Amino acid sequence: MLLKILSIILLCSGFTYAQERLIIIGGGKRPADVLTKFVELSGKDQGEILIITWASGEQEASFQSIKKDISALSPIKVVHAPVSPLAVESKEVLLSQLKTAKGVFFTGGDQVRIMKVLEDESLFKAMHERYHKQIVFAGTSAGTAIMSEKMITGEGKLDVIDGSQVETKKGLGLLPNVIVDQHFVKRQRENRLMGLILQNPTLLGIGIDENTAVYVQDNKLAEVLGESQVLIFDTQQKKNEMKMYFLKKGDKFDLVKKSKLKI
Numbered sequence: 024m025l026l027k028i029l030s031i032i033l034l035c036s037g038f039t040y041a042q043e044r045l046i047i048i049g050g051g052k053r054p055a056d057v058l059t060k061f062v063e064l065s066g067k068d069q070g071e072i073l074i075i076t077w078a079s080g081e082q083e084a085s086f087q088s089i090k091k092d093i094s095a096l097s098p099i100k101v102v103h104a105p106v107s108p109l110a111v112e113s114k115e116v117l118l119s120q121l122k123t124a125k126g127v128f129f130t131g132g133d134q135v136r137i138m139k140v141l142e143d144e145s146l147f148k149a150m151h152e153r154y155h156k157q158i159v160f161a162g163t164s165a166g167t168a169i170m171s172e173k174m175i176t177g178e179g180k181l182d183v184i185d186g187s188q189v190e191t192k193k194g195l196g197l198l199p200n201v202i203v204d205q206h207f208v209k210r211q212r213e214n215r216l217m218g219l220i221l222q223n224p225t226l227l228g229i230g231i232d233e234n235t236a237v238y239v240q241d242n243k244l245a246e247v248l249g250e251s252q253v254l255i256f257d258t259q260q261k262k263n264e265m266k267m268y269f270l271k272k273g274d275k276f277d278l279v280k281k282s283k284l285k286i
């Protein structure tokens, strides 16, 4: 009875729980259903999307490419974050943009370039603060790789299942307790992800193929969007076993309970 009363009080006061929302694309094309979901979560035509292109060697071209894709779906405002490297003035512009954006998107390229910029602790902290305040974050390819706390850099051996042969560095880490890999089926990257999960058995491995995305709510519920597949690896060290879950569009997975949900 007390809980019911408290719920009514919170509802009447306008209190809402924070909801973390993340869309991670495995590279390749940006499917319309994925971008439509991102635009919807970013406030539709009343919102504002901030595009961060630090991973790219051609940052302006990278911005124009995704702006074209989004503009074909919605009149939502799309703005370009200052290109890297950042000066004092451009850093302040970025912090201001983060305060007004309803959606933040990291484009592809080299994930190490993104994290080089985010070595600035104030920027790193600002990203996390916005994520925890209902601002939807998204990324593709390199922009997906950074979402793990332990980020795959792309360096290492792919012909062995040995996590010690795969280079990782600190990622942005918006999605805890996982290691994310991208271009997964297309580039046959299962060896490196399985090796890392065997080496880090408390973490889940999420391999996202090209033209495919995972939409994660509250760092718990994952849903597959797009055209191809997602593979999830779960190692149970005491049993010396690894479970593999194969997910397609529409499938859902509980990242906390480590179980595929029945539709």
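Numbering-wise (the working numbering), the sequence shown opens with residue 24 and increments by one. Here a beta-carbon is modelled for each residue, glycine too, at the ideal position from N, C-alpha and C. What you are looking at is a predicted structure, and each value in this text was computed from that prediction instead of being measured.
For residue j and residue i, believed in contact at Cβ under 8 Å, the rounded distance
i: residue 47; j: residue 130; result: Their Cβ separation, rounded to whole angstroms, is 13 Å, which puts residue 47 and residue 130 out of contact at 8 Å.
i: residue 171; j: residue 146; result: Going by Cβ atoms, the distance from residue 171 to residue 146 rounds to 18 Å, so no, they are not a contact pair.
i: residue 105; j: residue 113; result: 4 Å
i: residue 99; j: residue 65; result: 6 Å
i: residue 220; j: residue 258; result: 5 Å
i: residue 186; j: residue 223; result: 7 Å
i: residue 45; j: residue 120; result: At roughly 19 Å, the Cβ-Cβ gap does not stay under 8 Å, so residue 45 and residue 120 are not in contact.
Chain-order list of residues whose beta-carbon lies under 8 Å from that of residue i (same chain, five-residue window excluded)
i: residue 204; result: 168, 175, 212, 215, 216, 228, 229, 230, 231
i: residue 92; result: 53, 58
i: residue 140; result: 77, 107, 108, 109, 146
i: residue 55; result: 96
i: residue 265; result: 217, 220, 221, 256, 257, 258, 259
Beta-carbon spacing of residue i, residue j below 8 Å
i: residue 126; j: residue 159; result: yes
i: residue 51; j: residue 207; result: no
i: residue 247; j: residue 226; result: no
i: residue 189; j: residue 179; result: yes
i: residue 173; j: residue 194; result: yes
i: residue 97; j: residue 62; result: yes
i: residue 162; j: residue 80; result: no
i: residue 60; j: residue 238; result: yes
7 Å Cβ shell around residue i - same chain, five flanking residues per side excluded
i: residue 42; result: 157, 240, 241
i: residue 123; result: 71
i: residue 277; result: 243, 244, 284
Cβ shell of residue i (< 6 Å), same chain only, five flanking positions each side left out
i: residue 251; result: 232, 234, 235
i: residue 37; result: With a pLDDT of 38 at residue 37, under the threshold of 50, the modelled position of this residue cannot be trusted; read the value that follows with caution. Here the set comprises nothing.
i: residue 137; result: 77, 78, 169
i: residue 181; result: 214, 215
i: residue 144; result: none
i: residue 202; result: 171, 173, 219, 226, 228
i: residue 275; result: 246, 284
i: residue 164; result: 50, 131, 205
i: residue 268; result: 255, 283
Exposure label - residue i; buried when at least 16 CB within 10 Å
i: residue 282; result: exposed
i: residue 155; result: exposed
i: residue 84; result: exposed
i: residue 184; result: buried
i: residue 150; result: buried
i: residue 279; result: exposed
i: residue 255; result: buried
i: residue 273; result: exposed
i: residue 118; result: exposed
i: residue 253; result: buried
i: residue 82; result: buried
i: residue 75; result: buried
### Query
Which runs of the beta strand (DSSP E) fall wholly inside the segment 198-270 and span at least 3 residues, in chain order?
Listed in chain order, the beta strand (DSSP E) elements of length 3 or more contained wholly in the segment 198-270 are 201-205, 227-231, 235-240, 244-249, 253-259, 264-270.
### Query
Unbroken alpha helix (DSSP H) runs of length 4 or more, entirely within the segment 139-166: which are they?
DSSP runs (the alpha helix (DSSP H)) wholly in the segment 139-166: 144-154.
### Query
What residue ranges within the segment 38-82 form continuous beta strand (DSSP E) runs of no fewer than 3 residues, ordered along the chain?
Fully enclosed beta strand (DSSP E) runs of 3 or longer: 44-48, 71-75.
### Message
Going residue by residue through the segment 80-143, where are the continuous alpha helix (DSSP H) segments of at least 4 residues, counting only ones entirely within it?
### Response
With a minimum length of 4 residues, the continuous alpha helix (DSSP H) runs that stay inside the segment 80-143 are 82-94, 111-123, 134-140.
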